[in-house]
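Visitor: Chains as they are written, first to last, in this note's numbering: chain A, 13 to 147; chain B, 2 to 452.
From the three backbone atoms N, C-alpha and C, an ideal C-beta is built for every residue, glycine too.
Let me begin by handing over the structure; questions about it come next.
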């Protein structure tokens with residue numbers, strides 16, 4: 013019921029087209045993983061497809077090249093629109109031919125991509141009264 | 002004075018007895034309603050509400066002056082939270098819609114990478130705050146799949162009981178707020194009143210009304226309270242009665258039908274294209290329910306139907322929620338009948354913390370307790386994507402583990418986030434007055450959208 017297929021970005025679009033012809037009606041989820049200093053290449057995109065007629069799921073894992081360009085599948089599955097924007101926002105991966113690739117969750121003028129592993133989670137320095145100064 | 006009395010002679014009716022301060026009402030035709038000669042049968046039916054006409058289709062040429070962009074939200078009661086819509090209007094017709102989200106973004110996926118699996122449900126339960134149990138369940142199921150464990154039967158049955166009651170409470174909020182958006186204000190009060198019954202039971206069981214952190218990897222946090230059957234029986238008795246009241250008020254109501262029928266139509270193909278699942282897909286004529294097709298927690302052993310409607314309009318999406326409440330109550334009734342006995346947590350010392358009492362007696366228990374609460378338990382490396390049928394559609398959890406006690410990557414596929422993409426389809430080319438009905442019918446929860 014569940015299978016993983018690993019791909020390169022060049023094969024990605026054709027494979028998705030093939031899946032659409034095979035009766036995978038829905039693209040349910042698209043997200044990315046940052047393997048910072050753990051694996052090469054650094055980014056992977058994970059796309060989940062669902063066939064409601066065959067009751068089957070397929071998961072594509074796309075190894076992203078160093079130029080961080082991946083073809084957009086919005087033309088095949090319009091539901092990918094928000095997900096690709098989210099991945100662009102959170103990981104800084106560029107989806108080619110996306111109709112409106114802008115930040116979706118973070119403000120437009122935000123610097124950095126929060127879900128990358130080298131992006132520290134925010135800490136607000138707390139000022140304690142009469143605390144001794146740390147040199 | 003004399004003159005005044007004189008002038009009143011030809012007045013035929015006095016409104017008060019006193020002469021001073023009284024005013025006269027002469028008979029007049031003004032305001033009276035008369036059937037016009039040309040009014041035929043169909044027009045009369047439309048006026049009476051038994052016929053609904055799709056009369057919003059406006060195709061007149063309008064000048065560019067009438068094109069304007071309107072910002073709806075983010076602080077607007079009918080956008081169900083902090084959803085902002087940029088609506089392009091042409092006269093009164095919506096032509097284009099751009100949802101702007103992110104006002105409630107709190108970085109929960111990033112936080113999820115910093116909490117261990119034991120703390121994970123605390124985080125996920127705050128995503129979709131109207132159906133917290135489903136979020137906990139999907140995270141727990143993903144973790145258990147990575148660990149390769151099966152929870153005891155009683156634990157999974159309690160999970161079914163809580164999630165199905167949660168589906169009822171979530172749908173009741175959808176009915177309530179949907180009614181309020183359209184102007185049925187009593188529906189608002191009714192829906193929240195009945196939801197209170199269920200929330201009281203949740204509070205008794207978990208200690209909290211929302212954000213329970215009750216379903217955890219390995220089972221549930223606590224057993225059901227004593228005499229829980231009584232509370233559930235009360236819910237099972239009262240809610241169907243009240244649902245009948247709602248139907249009496251709304252189902253044949255001409256205003257309700259006129260506002261909802263043939264508004265915001267979503268076809269099955271559009272649902273597939275935009276990845277819409279859950280009640281909205283079933284309201285547009287495709288029977289797809291993960292509880293039947295890819296069952297979880299042993300829900301397939303209970304008998305229930307999946308209601309399907311063909312119309313795909315706002316009315317169908319409202320109606321299907323009412324029907325689904327009945328089906329969920331059916332499951333709850335069956336769960337009540339045979340609640341298995343036994344432990345409510347998995348009896349694995351590495352995953353379940355020992356009971357408090359054991360800490361004074363056993364050194365080993367103390368070590369396990371310390372290990373679980375400081376470090377957490379380690380999960381074998383792997384990737385997993387699990388799904389449950391939440392009240393809004395397919396809720397998925399994608400976890401990547403690298404063998405440490407914290408998820409390397411935790412992603413939640415929120416149904417509201419995906420369903421929101423259909424908003425431009427649902428809203429465009431219909432009057433602005435129908436926009437709120439369309440938003441309400443998709444029932445987005447912004448906590449789930451922004452995460």
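Is there a C-beta anywhere in chain B that falls below 8 Å from the one on residue 41/A?
Guide: Along the first chain, read from residue 1 onward, the residue named residue 41/A stands at position 29. By this cut-off, residue 41/A is an interface position.
Visitor: Please list, in chain order, the chain B residues whose beta carbon lies closer than 9 Å to that of residue 21/A.
Guide: Numbered from its first residue, the first chain carries residue 21/A at position 9. None at all; the shortest Cβ gap to chain B is about 19 Å.
Visitor: Using only CA atoms, which one of 82/B, 41/B, 172/B, 364/B lies nearest to residue 437/B?
Guide: By 1-based counting over the second chain, the position of residue 437/B is 436. The option with the nearest alpha carbon to residue 437/B is 82/B.
Visitor: Can you give me the C-alpha to C-alpha distance between residue 23/A and residue 265/B, rounded to a whole angstrom?
Guide: One-based indexing of the first chain puts residue 23/A at position 11. One-based indexing of the second chain puts residue 265/B at position 264. Looking at the two C-alpha atoms, the distance is approximately 38 Å.
Visitor: At a Cβ cut of 7 Å, what residues of the segment 422-450 of chain B count as close to chain A, listed as they run along the chain?
Guide: Those would be 422, in chain order.
Visitor: Name the two residues that bound the continuous alpha helix (DSSP H) containing residue 80/A.
Guide: Taking the first residue of the first chain as position 1, residue 80/A is located at position 68. Taken as a continuous stretch (DSSP letters only), residue 80/A belongs to no alpha helix (DSSP H), as it is neither H nor E.
Visitor: For residue 93/A, which of 20/A, 110/A, 36/A, 141/A has the nearest alpha-carbon?
Guide: As a first step, residue 93/A is located in the first chain; it is residue number 81 there, counting from the start. It is 110/A.
Visitor: Would you call the segment 310-324 of chain B in contact with the segment 276-290 of chain B, where contact means no fewer than 3 C-beta pairs closer than 8 Å?
Guide: Counting Cβ pairs under 8 Å, three or more are found: they touch.
Visitor: With DSSP run on the structure shown, which of helix, strand or coil describes residue 2/B?
Guide: Counted from its first residue, the second chain places residue 2/B at position 1. Low local confidence applies: a pLDDT of 49 at residue 2/B is under 50, so the model's placement there is unreliable, with the coordinate-based value given in what follows. Note: residue 2/B maps to coil in three-state DSSP.
Visitor: In terms of alpha-carbon separation, which member of 67/B, 289/B, 392/B lies closest to residue 67/A?
Guide: Translated into the one-based positions of the first chain, residue 67/A becomes position 55. Among 67/B, 289/B, 392/B, the Cα nearest to that of residue 67/A belongs to 289/B.
Visitor: Indicate whether at least one CB of chain A lies closer than 8 Å to the CB of residue 102/B.
Guide: Here residue 102/B refers to the residue found at position 101 when the second chain is read from its first residue. Closer than 8 Å: yes.
Visitor: Should residue 294/B be flagged as near chain A, meaning a C-beta pair shorter than 8 Å?
Guide: In the second chain, the residue the question calls residue 294/B occupies position 293. True, the Cβ-Cβ gap to chain A drops below 8 Å.
Visitor: Hey, could you find the ends of the beta strand (DSSP E) residue 174/B is sitting in?
Guide: As a working note, residue 174/B is residue 173 in the second chain. Per DSSP, residue 174/B belongs to no beta strand (DSSP E); it is in the alpha helix (DSSP H), 154-183.
Visitor: Does any residue of chain A have a CB that is nearer than 8 Å to the CB of residue 145/B?
Guide: Translated into the one-based positions of the second chain, residue 145/B becomes position 144. Closer than 8 Å: no.
Visitor: If you draw a straight line from the C-alpha of residue 115/B to the C-alpha of residue 298/B, how long is it?
Guide: Numbered from its first residue, the second chain carries residue 115/B at position 114. Numbered from its first residue, the second chain carries residue 298/B at position 297. The straight-line gap from Cα to Cα measures roughly 27 Å.
Visitor: What is the residue span of the beta strand (DSSP E) that residue 64/A lies within?
Guide: Counted from its first residue, the first chain places residue 64/A at position 52. Note, residue 64/A: premise wrong, no beta strand (DSSP E); not H, not E.
Visitor: Return the bridge partner residues of residue 398/B from the DSSP annotation.
Guide: Along the second chain, read from residue 1 onward, the residue named residue 398/B stands at position 397. Residue 398/B is bridged to 387/B, 413/B.
Visitor: Beta-carbon within less than 7 Å of residue 260/B's beta-carbon, same chain only, minus the 5 sequence neighbours each way: which residues are those?
Guide: Numbered from 1 along the second chain, position 259 holds the residue referred to as residue 260/B. Counting only Cβ-Cβ distances below 7 Å, and skipping sequence neighbours, we find 183, 438.
Visitor: Grouping DSSP H, G and I as helix and E and B as strand, with all else coil, what is residue 101/B?
Guide: If you number the second chain from 1, residue 101/B lands on position 100. Residue 101/B falls in the strand class under three-state DSSP.
Visitor: Applying a beta-carbon distance threshold of less than 8 Å, which residues of chain B neighbour residue 70/A?
Guide: On the first chain, residue 70/A is found 58 positions in, with the first residue counted as 1. Simply none; closest approach about 11 Å.
Visitor: When you compare the CB positions of residue 377/B and residue 119/B, do they come within less than 8 Å of one another, or not?
Guide: Position 376 of the second chain, counting from 1, holds the residue named residue 377/B. Position 118 of the second chain, counting from 1, holds the residue named residue 119/B. The answer is yes: Cβ separation under 8 Å.
Visitor: Answer yes if the segment 152-159 of chain B comes into contact with the segment 183-195 of chain B, meaning at least three C-beta pairs across the two stretches below 8 Å, and no otherwise.
Guide: No contact exists between the segment 183-195 of chain B and the segment 152-159 of chain B.
Visitor: My output table needs one value for residue 43/A: the three-state DSSP class, helix, strand or coil.
Guide: Within the first chain, the letter at position 31 stands for residue 43/A. Residue state, collapsed to three classes: strand.
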